[in-house]
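Here the structure is laid out as structure tokens; the discussion comes afterwards.
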Amino acid sequence: MGKRLSPIGVENTEENRRLYRQLLFTADERMDACIGGVIFFHETLYQNTDDGTNFSQLIRDRGIVVGIKVDKGVVPLAGTDGETTTQGENTHGQSP
Ligand SMILES: *[C@@H]1O[C@H](CO)[C@@H](O)[C@H](O)[C@H]1NC(C)=O
């Protein structure tokens, strides 16, 4: 999100990220036939629209599948020539 907000001069705060996501998720109904699924960050799962509908419900009500991103991005993989691996996030006590 920082990469989206910074070029347009918007501070990377949770509220601005929420507003940007709301803008995308409330695009008109032409979106519904074009998007099969949305991968949420952990943060997105707990965010709501201005009227209190959570983003997960909003997306599912549009017939779009919600997925969750379970890694924290790539890090260099030791012992390789520049290869990377994902850094896991394990907040629920389950295997990835
Ligand atoms: C989103 O709202 C629906 C309907 O009220 C509820 O069933 C669901 O648990 C909520 N999801 C989250 C992540 O709060």
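Note that my numbering gives residue 18 to position 33 of the sequence shown, counting from 1, and the numbers run on in steps of one. Note that the Cβ used here is the ideal one computed from N, Cα and C, for glycine as well.
Original post:
In its own chain, which residues sit with a C-beta less than 8 Å from the C-beta of residue 17, not counting the 5 before and 5 after it?
Top reply: 47, 48 and 49
**OP:** Could you tell me the distance, in whole angstroms, from the CA atom of residue 4 to the CA atom of residue 44?
**Re:** 15 Å
Subject >> At least three beta-carbon pairs within less than 8 Å, the stretch 25 to 41 to the stretch 56 to 66 >> reply: no
**OP:** Consult DSSP for residue 10 and reduce its assignment to one of helix, strand or coil.
**Re:** helix
**OP:** Check whether the Cβ of residue 33 lies closer than 8 Å to any Cβ atom in chain D.
**Re:** The structure shown contains no chain D; it holds only a single protein chain.
Original post:
Hey, which unbroken runs of the alpha helix (DSSP H) at 4 residues or more fall wholly within the stretch 26 to 62?
Top reply: 27 to 30 and 40 to 46
**OP:** Grab me the residues of residue -10's own chain with a C-beta within less than 8 Å of its C-beta, minus the 5 sequence neighbours each way, in chain order.
**Re:** -4, -3, 1, 2 and 5
Original post:
Is the distance from the Cβ of residue 41 to the Cβ of residue 55 below 8 Å?
Top reply: no
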